[in-house]
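Going by my numbering, the first residue of the first sequence is number 552, and it counts up by one from there.
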Amino acid sequence: MSLTLYNTLTREITPFTPIESGKVGIYLCGATVQAPPHIGHIRSGINFDILRRWLIASGYCVTFIRNVTDIDDKILHNAIHEEMPWWALAQKYERVFTAAYAELNVLPPTYEPRATGHITQMVELIARLIERGKAYAVANGDVYLDVRALDEYLTLSGQKIDDLQSSPDTDELSLSLKKNPQDFALWKSAKPGEPSWPTPWGNGRPGWHIECSAMAQAYLGEKFDIHAGGLDLIFPHHENEIAQSNGAGYPFAQRWLHNAWVTTAGEKMSKSLGNTLRIHELLKRVRGIELRWYLGSAHYRSMLEYSPEALDESAVNFRRIESFLKRAAAQLGKVPERAIADDFAKAMDDDLAVPAALAVISELVRDGNNAATAKDNALLDRKASEVRGALAVLGCDPWDTTWSSNEAGLSDVLSGLVKTLLDEREAARARKDFASADRIRDSITSLGLTIEDTPEGPRWSK
RNA sequence: GGUGGGAUGGCCGAGAGGCGAGGCUCAGGACUGCAAAUCCUGCUACACGGGUUCAAAUCCCGUUCCCACCUCCA
């Protein structure tokens, strides 16, 4: 039993073997902090958070790098639009991303490097590319990668240079300076009013792709295990990262993983389409743990077709599982431990087959509920532990402090009040005054609590 | 034009030659003062047309439709 994973480079699922036994280095392309995140961005974070948690659960020591790109064309553009310095805009949205990740229990990366903090590494990398004849500086101070000087190009997307649509680049000047129309900018010369850093080729700022090549190398080395990101980064971003790093003589990532999108009405969620769904909007509809459950429930390489109904349905499914765990904890008199069921491990090892893993969880819950009814506490404990262990891998353990912290202060007072009411209702039921009993129950349920009568007495939950 | 991914029951969502994944909804039953929760039973689907095969949702050929990327993108 061992982990197999897809690799976009080969389009095959193959056994995962780390470069260094027991350790895994992962680089995930994080946010370009130019606007608030939508659920598609966060889905990517969740998909690869599940990968990370599963690797940890499997005994690996994981170094997880997720970058922040805090300088690019869009950031400069939006900063003008929002009438603030570009660095203020970048920081503002970085905080929004960080908060969204935290609300959905995405583990903070081992390190979160910012592009602007790694100009030195970028300049070194560009210099090396020029030395090796893979890149060239032009008269105005731009530096381009010469894609036809590479041994290989477009290995990830499977395209041919000549098949690419000619660039819609309207900048006639840069077009005339480039050796090939497909050459892309490693470094952009300074323009009036834009930020710039000094280099041997003059003042300027980074091109879009160079930061990831530089930062991945800085923290994970010249060769590392996994590079991940969204499907739409395959070309040009990841293709160009490979070009830059291989061109400089570095092996770079051994395996590439790409997550699919969240779609609405069959279309990709996109800032430019304006069909985005914000986290804080959805959190008015369901709890964070339920939104996380939903976003993590489809296979990472499958599109997830969003609808409010699908979200609600998924939340109902989660509550059944959560309700089982609460029932088990009450009956056992303790919170179950975390354990990994064999079938769950088998599903996760199969290229993170989360949907199959969810089927396993459903069976565990059914078995566990039967054990609870049969008062078989040993079996109940085992099933509950396996359910909790599975939820923990998916980042949805109800006892994870991420979810409980905001309820902590009120819980004692609240449960005391509810218990008082339930005691009155029990007294009414005992004297067969069902009208009063039902009135009390209605008053409690109208506040959004659920009352369940069990042989051991009433139980309530939110 | 080039490259890639899709179409599965009322809905969501797996599977990739042979035992109805799973969930949600719905119907019936057990339990219950009534509910709720739980459990049991039921609802036999794979875009279309051909073909290969003892056997096809799965492989092959053709067709229709959808989506994405081709230098802004998770």
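The beta carbon of each residue, even a glycine, is placed where N, CA and C say it ideally should be. Predicted model only: the values in this text are computed from it and were never measured.
Top-ranked residue by Cα proximity to residue i, from the options
i: Thr706; options: Ser966, Arg562 and Asn629; result: Arg562
i: His592; options: Arg838, Leu782 and Ala925; result: Leu782
i: Lys529; options: Ala653, Ser865, Lys729 and Asp894; result: What is shown of the chain runs 552 to 1013, which leaves residue 529 out entirely.
i: Lys877; options: Gly753, Trp950, Trp638 and Phe599; result: Trp950
i: Glu977; options: Glu1003, Ala690 and Ser796; result: Glu1003
i: Leu655; options: Glu873, Thr924 and Leu846; result: Leu846
i: Pro859; options: Lys885, Glu832 and Gln882; result: Glu832
i: Leu680; options: Thr971, Val867 and Asn797; result: Asn797
i: Gly709; options: Phe875, Ile677 and Pro787; result: Pro787
i: Tyr857; options: Ala849, Lys926 and Val813; result: Val813
i: Ile991; options: Val916, Glu1007 and Lys970; result: Lys970
i: Asn928; options: Ala881, Leu973, Gly940 and Ala910; result: Ala881
i: Ala816; options: Leu855, Thr952 and Tyr687; result: Leu855
i: Ala908; options: Leu942, Phe567 and Asp918; result: Leu942
i: Ile607; options: Val575, Pro636 and Ala650; result: Val575
i: Pro587; options: Asn754, Ala741 and Lys625; result: Lys625
i: Leu1017; options: Met673, Tyr695, Arg699 and Lys711; result: Beyond the ends of the chain as shown, which are 552 and 1013, falls residue 1017; an answer cannot be given.
i: His789; options: Arg871, Glu762 and Gly668; result: Glu762
i: Asp697; options: Glu703, Ala686, Met766 and Tyr704; result: Ala686
i: Leu560; options: Leu676, Leu658, Asn731 and Ile777; result: Ile777
i: Val837; options: Asn920, Pro569 and Lys1013; result: Lys1013
i: Gln795; options: Asp984, Gln768, Ala653 and Ile840; result: Gln768
i: Val584; options: Ile597, Thr620 and Pro566; result: Thr620
i: Ala690; options: Leu728, His850 and Ser987; result: Leu728
For residue i: DSSP bridge partner residues
i: Thr555; result: Pro566 and Asp901
i: Arg1010; result: Glu1003
i: Leu579; result: Arg617 and Ala779
i: His589; result: Arg829
i: Gly855; result: The amino acid at residue 855 is misidentified as Gly; the sequence shows Leu. Paired residue(s): Val813.
i: Tyr704; result: According to DSSP, Tyr704 bridges with nothing at all.
i: Leu696; result: Ala686 and Phe735
i: Gly574; result: Checking the displayed sequence, the identity of residue 574 turns out to be Lys instead of Gly. Cys612.
i: Glu860; result: Answer is none; Glu860 lacks a bridge partner.
i: Glu818; result: Thr815
Residue range of the unbroken beta strand (DSSP E) whose run includes residue i
i: Val613; result: Cys612 to Arg617
i: Arg806; result: Phe803 to Asn810
i: Ala690; result: Ala690 -> no beta strand (DSSP E), and no H or E assigned at all.
i: Val886; result: No beta strand (DSSP E) contains Val886, which DSSP labels as neither H nor E.
Buried versus exposed call for residue i [16 or more other C-beta atoms within 10 Å across all chains shown]
i: Ser553; result: exposed
i: Ser997; result: exposed
i: Arg646; result: exposed
i: Gly946; result: buried
i: Pro719; result: Summary for Pro719: the model assigns pLDDT 49, below 50, so the residue's position carries little reliability, and this model does not support an answer.
i: Ile622; result: buried
i: Glu937; result: buried
i: Ile564; result: exposed
i: Cys612; result: exposed
i: Asn810; result: buried
i: Ala959; result: Note that Ala959 has pLDDT 49, beneath the 50 cutoff, so the model's placement of it is unreliable and the number below is only indicative. The residue in question, Ala959, is exposed, as its Cβ has fewer than 16 Cβ neighbours within 10 Å.
i: Gly573; result: exposed
i: Pro664; result: buried
i: Pro1007; result: Pro is not the amino acid found at residue 1007; the sequence shown has Glu there. The residue is exposed, with fewer than 16 neighbouring Cβ atoms inside 10 Å.
i: Asp713; result: exposed
i: Leu915; result: buried
i: Pro802; result: exposed
i: Asn618; result: buried
i: Gly758; result: buried
i: Leu737; result: buried
i: Ile793; result: buried
Opening and closing residue of the alpha helix (DSSP H) in which residue i lies
i: Tyr652; result: Trp637 to Glu654
i: Tyr845; result: Gly839 to Ser848
i: Thr953; result: Thr952 to Ser955
i: Ser994; result: Phe985 to Thr996
i: Ala666; result: First-last for Ala666: undefined, no H or E at that position.
i: Arg982; result: Per DSSP, Arg982 belongs to no alpha helix (DSSP H) and is neither H nor E.
i: Arg836; result: No alpha helix (DSSP H) contains Arg836, which DSSP labels as neither H nor E.
i: Val657; result: First-last for Val657: undefined, no H or E at that position.
i: Ala935; result: Asn928 to Val944
i: Lys711; result: No alpha helix (DSSP H) holds Lys711; DSSP gives it neither H nor E.
i: Ser622; result: A small fix is needed here, since residue 622 is Ile in this sequence, not Ser. Run containing Ile622: none; DSSP gives neither H nor E here.
(Q) Just to confirm the assignment: which complete alpha helix (DSSP H) runs, minimum length 4, are found wholly within the segment 722 to 794? (A) You should have 723 to 728 and 761 to 771.
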